[in-house]
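A.B. asks: Residue numbers (the working numbering), protein chains in the order written: chain S, 1 to 274; chain B, 1001 to 1350; chain P, 2001 to 2270.
The beta carbon of each residue, even a glycine, is placed where N, CA and C say it ideally should be.
Have a look at the structure that comes next, please.
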Amino acid sequence: MTRKPGLFGRVYNGLILLFLYAPIFVLIVFSFNSTKSRSVWSGFTFDWYRSLIQDSSIMNAFYTTIIIALLSAVIATVAGTFAAVGFYNMRRRWRTPLMHINNIPMMNADIVTGVSLALLFVSLGSALRFNLGFGTLLIAHITFNIPYVVLSVMPKLRQLDSNLVDAACDLGCTWLKAFWKVVVPEIMPGIINGLIIAFTLSVDDFVISYFTAGGNVMTLPMKIFAMTRRRISPEINALSTILFLTVLILLIVINVREAKQEEKQKEKLRRSQG
Amino acid sequence: MKKNVSLLVAVCVLISLFAAACSPSPDGKGQVNVYNWGEYIDKEVLSIFEEETGIKINYFEYDSNESLYSLLMLGSADIDVIIPSDYMVARLIDEDMLEPLDFSNIPNFSLIDSRYKGLEYDSNDAYSVAYMAGTVGLIYNSAMIDDEITSWGALFDEQYSGQILMFDNPRDAFGIALKYLGYSQNTENEDEIYEAYDLLLTQKPILQAYVMDQIFDKLESGEAAIGPYYAGDYLFMAESNEDLVFVRPEEGSNFFVDAMCIPKGAKNKTNAEIFIDFMCRTDIALMNMEEIYYASANYEAAEEFSAQLDDGEYEIMFASEAVLADCDVFIHLPANILELYNRLWTDVKK
Amino acid sequence: MKPKYLAIPYIVWMGIFVAAPVLIVVFYAFTTADGGLTLSNISEMGRFLPIFVRSFELAFVSTIICIVIGYPVAYILSREGARVQRLIIMLIMLPMWMNFLLRTYAWMSILENTGLLNSLLTALGLPALQIINTPSAVVIGMVYNFLPFMILPIYSVIVKIDKSLYEAAQDLGADTVSVFRKVVFPISLPGVLSGVMMVFVPAVSTFVISQLLGGGMVMMLGDLIDMQFLGSAYNPRLGSAIALVMMIIVILFMYVMNRFGEGEEKAVGL
């Protein structure tokens, strides 16, 4: 058997975790600082949280981010799932090049994706008389989300027993019905996974949004970028704290649920064996 | 799994409903998209405007004339009001990127001081209404620098190495170098521009950073000791750090007027004109002046505000004729010179 | 209806929003404003050689540091109990979920001349360090932001190594060091490679980290491209040319890495 890591190893990993968390703790601590200083502690206050909530442009950016993320994640999940099923049923000769194109937005540097989409929107926009804005931002997000959905659904399709669909068809199901009743439930974990990835990517994206949103919409990351280039207010720290706590709580909830489900499955397994 | 999905859908619906409730009520007044410099307005003014007119403001900021120009060119964004400086107004007019204003919607234009009317960048007053004016100067921290500074030379002085900030936009940066060398800020002589370029190159190693509005924090906190910026912003910074000193260098400086314009194709042109008119109102101009300390183009507001200033502050906000005589006003340069600026600026920064 | 037709809408979508934009970048890079063909944008690249060199150098250094720091983390972690592994993986992922702008901003307040690090050093009687606005600050920012992208793929490969492999090696008389050298390390290389790609590409093209921590003094390719599109020197044709050249170099780099990876996989017989 392999040995457990020694004290040295554990201290090392502890230090790396410290490296990862120290800056975040600094942010959190100074969100309660009563002056604007970012290095000298001068007393406790909640003022920055208050002014954060009253700052309508930050709240607007927050809503925009959530709406874009939800819409783009849902649309990308539906489109990506259909695309994956389609690709899966294609001959290799067609599938391989299409998968390569599918992978472009994932492999490419964000800034290249961003500026190339911006150029496309500008040229299309001058022909079709539209401007960069919410619509182009949404299209950009859908575009960089779909490949991840395809990649997360694909492996589930490979695991799918093709006899299942055939059997359903033999029993008189149309192909479409077989798809809904048999295929979709089987690949659901992949779909959900894709949805979650798409949502988080969309919430987190700065670079592509920055180039494709035009002048009229702002997502939260864009707002944060703008804030760091102004007279910096500890509102940013307050915002960081809130985001950090939200993510922390979400992760804990998800993990507790997963642990419970695993527990249940083990229980089932034990019973069925016993 | 099914539960998961329905939960997610429910959350989606809830949030979009919530968002719909928060978005502007469509009471027919519509909206206006305003682009302004960072730290260049009393934000209170925006809510007053929304309350009085029922027009919703979407307010955004930019940090230099050049990045505003890029945004207009690339973004073809739905922007209704912009506030570029003199030379950029001229460039935008020259490139047919502005809408002529309908002054019947801007009665308060009569409150604009005549010295901000008919200026070279828009000599017929067809496209722009002046907002604020000011000069560029050196701001330094007297607790960190003992000498009395009187010249742009301080920005190129090795003894302050690592403490110096510099403008992060080509026109202001080259403008300072040209002035220090004794040339016009509007020179079209390529040799002079190249000389300025060489000076900026030798300056780079002793700089701490290229900044725009980041300068507020860096000078206020003592992170850096000296940097050039706009006069009004000095008065703003001095509120949080008494050691800061403002000086207009002896070589002369730059005088600027920032003016409100409407980009070509703006979707809410009438609302934009209503907003411009609103910004010209005396009480609003006063509020803005009190917040940002630039000299308003509204003469009533300027007069009223100057009454509460001491001589020093007055001189910083409203430069005297003698000072202005030494200042250049940026003008729009021909295309080949603009291209040279772009090229050399990229080369400085690389 | 055949299931393969389900992909048609997305194929059209890809044509418009994935393939066409790339072609437009190529088109912009090789044309003038009035539509004529030109090589002048590409031939300008020589001027930007210092920026190319700096970007690839800083990205390379950051990637190496990420491997050196991250590999041991993944290796040590893989030998912990399942519960601890799960907890620590969660802890490593958690900061990634917070926006990277905020994480980079945090380093601004730490590294500044009057920042926390220097306050600490001065309090200890040590000389203050000038880090902010230097390439070191940018490297610190990149390592901090991208380290989890290196740890996770390496970890996911190491943790899957069949325990019986270790036992077999140990039965054959190998000590811990040679088990690591002969078994774990070769098998984990694909993880390292995917880590390298996940770190290197965003690092070489970043403009946020260099702007926040470099103070405009450490210009990278991303800044240069941004400058031509939304920055202070509007010239999207030149910007497209720079983006195109960068993209080609990155693709070549990844191709070489992939080839290298395939070779390694064959060598260990996977």
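With a cut-off of 9 angstroms, does the C-beta of LYS2182/P fall near any C-beta of chain S?
C.D. replies: The residue labelled residue 2182/P in the question sits at position 182 within the third sequence. No - not a single Cβ of chain S is within 9 angstroms of the one on LYS2182/P.
A.B. asks: Contact between the stretch 165–175 of chain S and the stretch 241–256 of chain S is defined here as three or more beta-carbon pairs at a separation below 8 angstroms; is this criterion met?
C.D. replies: The stretch 165–175 of chain S, when compared against the stretch 241–256 of chain S, does not touch it at the 8 angstroms Cβ threshold.
A.B. asks: Looking only at its own chain, which residues have a Cβ that is under 6 angstroms from the Cβ of MET2217/P, when we skip the five neighbours before and after it?
C.D. replies: For the purposes of this step, residue 2217/P is identified with residue 217 of the third sequence, where counting begins at 1. Result list for MET2217/P: ASN2133, in chain order.
A.B. asks: Taking only beta-carbon positions, decide if ASP110/S is within less than 9 angstroms of chain P.
C.D. replies: Translated into positions along the first sequence, residue 110/S becomes position 110. So, interface residue.
A.B. asks: Anything in the stretch 2008–2034 of chain P with a Cβ closer than 8 angstroms to a Cβ of chain B? List those residues in chain order, please.
C.D. replies: So the list is empty, because no residue satisfies the distance condition.
A.B. asks: How would you call HIS1332/B, buried or exposed, if buried means at least 16 neighbouring beta carbons within 10 angstroms?
C.D. replies: Numbered from 1 along the second sequence, position 332 holds the residue referred to as residue 1332/B. The residue is buried, with at least 16 neighbouring Cβ atoms inside 10 Å.
A.B. asks: So what does DSSP say about ALA1209/B, is it helix, strand or coil?
C.D. replies: The residue you call residue 1209/B lines up with position 209 of the second sequence. ALA1209/B falls in the strand class under three-state DSSP.
A.B. asks: Below 7 angstroms on C-beta distance, what does ALA1209/B contact in chain P?
C.D. replies: To locate residue 1209/B, count along the second sequence from 1; it is residue 209. The answer, in chain order, is ASN2133, GLY2215, GLY2216 and MET2217.
A.B. asks: So does the stretch 1320–1335 of chain B actually touch the stretch 1171–1186 of chain B, counting three or more Cβ pairs closer than 8 angstroms?
C.D. replies: At 8 angstroms Cβ cutoff, the stretches touch.
A.B. asks: When we look at the beta-carbon of GLY1054/B and count the other beta-carbons within 10 Å, is it buried (16 or more) or exposed?
C.D. replies: Indexing the second sequence from 1 puts residue 1054/B at position 54. Looking at its Cβ environment, which holds fewer than 16 other Cβ atoms inside 10 Å, GLY1054/B is exposed.
A.B. asks: Taking 9 angstroms as the CB-CB cut-off, is ASN2041/P touching chain S?
C.D. replies: What you label residue 2041/P is simply residue 41 of the third sequence in a count that begins at 1. ASN2041/P does not count as touching chain S.
A.B. asks: What number of angstroms, rounded off, separates the C-alpha of GLU1339/B from the C-alpha of SER2240/P?
C.D. replies: The residue labelled residue 1339/B in the question sits at position 339 within the second sequence. The residue labelled residue 2240/P in the question sits at position 240 within the third sequence. So the two alpha carbons sit approximately 17 angstroms from each other.
A.B. asks: Are the CB atoms of ARG231/S and ASP1213/B nearer to each other than 9 angstroms?
C.D. replies: On the first sequence, position 231 is the one that residue 231/S refers to. On the second sequence, position 213 is the one that residue 1213/B refers to. Contact: yes.
A.B. asks: Check the Cβ-Cβ distances between LYS1349/B and every residue of chain S, and say whether any is below 9 angstroms.
C.D. replies: As a first step, residue 1349/B is located in the second sequence; it is residue number 349 there, counting from the start. No, its Cβ sits nowhere closer than 9 angstroms to a Cβ of chain S.
A.B. asks: Alpha carbon to alpha carbon, how far is TYR2105/P from THR228/S? Give it in angstroms, no decimals.
C.D. replies: By 1-based counting over the first sequence, the position of residue 228/S is 228. By 1-based counting over the third sequence, the position of residue 2105/P is 105. Distance between the alpha carbons of THR228/S and TYR2105/P is about 7 angstroms.
A.B. asks: Pull up the distance between the alpha-carbon of ASN1336/B and that of LEU1071/B, whole angstroms please.
C.D. replies: Translated into the one-based positions of the second sequence, residue 1336/B becomes position 336. Translated into the one-based positions of the second sequence, residue 1071/B becomes position 71. Each residue's Cα considered, the two are about 21 angstroms apart.
A.B. asks: On the three-pair Cβ rule with 8 angstroms, is the stretch 1281–1290 of chain B touching the stretch 1158–1166 of chain B?
C.D. replies: With a cut-off of 8 angstroms, the stretch 1158–1166 of chain B and the stretch 1281–1290 of chain B do not count as touching, because too few Cβ pairs lie within range.
A.B. asks: In angstroms, rounded to a whole number, what distance separates the CA positions of VAL1045/B and ALA127/S?
C.D. replies: Taking the first residue of the second sequence as position 1, residue 1045/B is located at position 45. Taking the first residue of the first sequence as position 1, residue 127/S is located at position 127. If you take the alpha carbons of VAL1045/B and ALA127/S, they lie about 38 angstroms apart.
A.B. asks: Quick check: is the beta carbon of VAL2138/P nearer than 9 angstroms to any beta carbon in chain S?
C.D. replies: Position 138 of the third sequence holds residue 2138/P. It does not: the Cβ of VAL2138/P has no partner Cβ on chain S nearer than 9 angstroms.
A.B. asks: Could you give the residue range of the beta strand (DSSP E) that holds GLU1061/B?
C.D. replies: Reading the second sequence from its first residue, position 61 is the one you call residue 1061/B. 1056–1062 is the extent of the beta strand (DSSP E) around GLU1061/B.
A.B. asks: Relative to chain P, which residues along the stretch 1057–1076 of chain B have a C-beta separation below 7 angstroms, given in chain order?
C.D. replies: Residues passing the 7 angstroms Cβ filter: SER1064, GLU1066, SER1067, TYR1069, SER1070, LEU1071, MET1073 and LEU1074.
A.B. asks: From the beta carbon of LEU2172/P, is the nearest beta carbon of chain B less than 9 angstroms away?
C.D. replies: Translated into the one-based positions of the third sequence, residue 2172/P becomes position 172. With 9 angstroms as the cut-off, LEU2172/P does not count as an interface residue toward chain B.
A.B. asks: Exposed or buried, what is PHE1305/B when buried is set at 16 or more other beta-carbons lying within 10 Å of its beta-carbon?
C.D. replies: Locating residue 1305/B in the second sequence gives position 305, where the first residue counts as 1. It is buried - the Cβ of PHE1305/B has at least 16 other Cβ atoms within 10 Å.
A.B. asks: Given that PRO1170/B touches chain P, what residues does it touch there, using C-beta distances under 8 angstroms?
C.D. replies: Here residue 1170/B corresponds to residue number 170 of the second sequence, with the count starting at 1. In chain order: SER2232 and ALA2233.
A.B. asks: Name the residue from VAL2245/P, PHE2229/P, LEU2058/P and GLN2228/P whose alpha carbon lies nearest to the alpha carbon of TYR2138/P.
C.D. replies: Position 138 of the third sequence, counted from the first residue, corresponds to residue 2138/P. In the sequence as presented, Tyr is not what sits at residue 2138/P; that position holds Val. Looking at the Cα atoms, LEU2058/P is the closest of the given residues.
A.B. asks: Run down chain S in chain order and give the residues with a C-beta less than 9 angstroms from the C-beta of GLU1039/B.
C.D. replies: For the purposes of this step, residue 1039/B is taken as the residue at position 39 of the second sequence. Within chain S, the residues near GLU1039/B are ARG230 and ARG231.
A.B. asks: If you reduce the DSSP assignment to three classes, tell me which class SER2119/P lands in.
C.D. replies: The residue given as residue 2119/P occupies position 119 in the third sequence. Three-state DSSP puts SER2119/P in a helix.
A.B. asks: Taking Cβ to Cβ, would you say GLU1141/B is nearer than 9 angstroms to ALA1090/B?
C.D. replies: Along the second sequence, read from residue 1 onward, the residue named residue 1141/B stands at position 141. Along the second sequence, read from residue 1 onward, the residue named residue 1090/B stands at position 90. Here the sequence assigns Asn to residue 1141/B, which means Glu is not the residue at that position. Result no, Cβ atoms of ASN1141/B and ALA1090/B do not sit closer than 9 angstroms.
A.B. asks: Can you find the residues in the same chain that come closer than 7 angstroms, C-beta to C-beta, to ILE1215/B, ignoring five residues on each side of it along the sequence?
C.D. replies: Reading the second sequence from its first residue, position 215 is the one you call residue 1215/B. Within the same chain, ILE1215/B has close Cβ partners LEU1165, GLY1227 and TYR1229.
A.B. asks: Can you give me the Cβ contacts of SER2040/P inside the same chain, cut-off strictly under 8 angstroms, excluding the 5 residues immediately before and after it?
C.D. replies: Within the third sequence, residue 2040/P is the residue found at index 40, counting from 1. Only THR2032 meet the Cβ criterion.
A.B. asks: Taking the Cβ atom as the reference point for each residue, do ILE37/S and HIS141/S lie within a distance shorter than 9 angstroms?
C.D. replies: To locate residue 37/S, count along the first sequence from 1; it is residue 37. To locate residue 141/S, count along the first sequence from 1; it is residue 141. With the sequence shown as reference, residue 37/S is identified as Ser, and Ile is not the correct amino acid for it. Result no, Cβ atoms of SER37/S and HIS141/S do not sit closer than 9 angstroms.
A.B. asks: State the DSSP-derived secondary structure class of LEU2172/P, mapped to helix, strand or coil.
C.D. replies: Counting from 1 along the third sequence, the entry for residue 2172/P is found at position 172. Of the three classes helix, strand and coil, the one that applies to LEU2172/P here is coil, per DSSP.
A.B. asks: Checking contacts by CB at 9 angstroms: is LEU2193/P closer than that to chain S?
C.D. replies: Position 193 of the third sequence holds residue 2193/P. No - not a single Cβ of chain S is within 9 angstroms of the one on LEU2193/P.
A.B. asks: What span of residues does the beta strand (DSSP E) with MET1132/B cover, start to end?
C.D. replies: Residue mapping note: residue 1132/B aligns to position 132 of the second sequence, counting from 1. Run containing MET1132/B: 1129–1141, per the beta strand (DSSP E) assignment.
A.B. asks: How about the stretch 1248–1268 of chain B and the stretch 110–127 of chain S: do they share at least three Cβ pairs that are nearer than 8 angstroms?
C.D. replies: The answer is no - the stretch 110–127 of chain S does not touch the stretch 1248–1268 of chain B, with fewer than three Cβ pairs under 8 angstroms.
A.B. asks: Please list the partners that THR143/S has in chain P, where partner means a Cβ-to-Cβ separation under 8 angstroms.
C.D. replies: The residue you call residue 143/S lines up with position 143 of the first sequence. Going along chain P in sequence order, the residues near THR143/S (Cβ under 8 angstroms) are TRP2013, PHE2017 and VAL2018.
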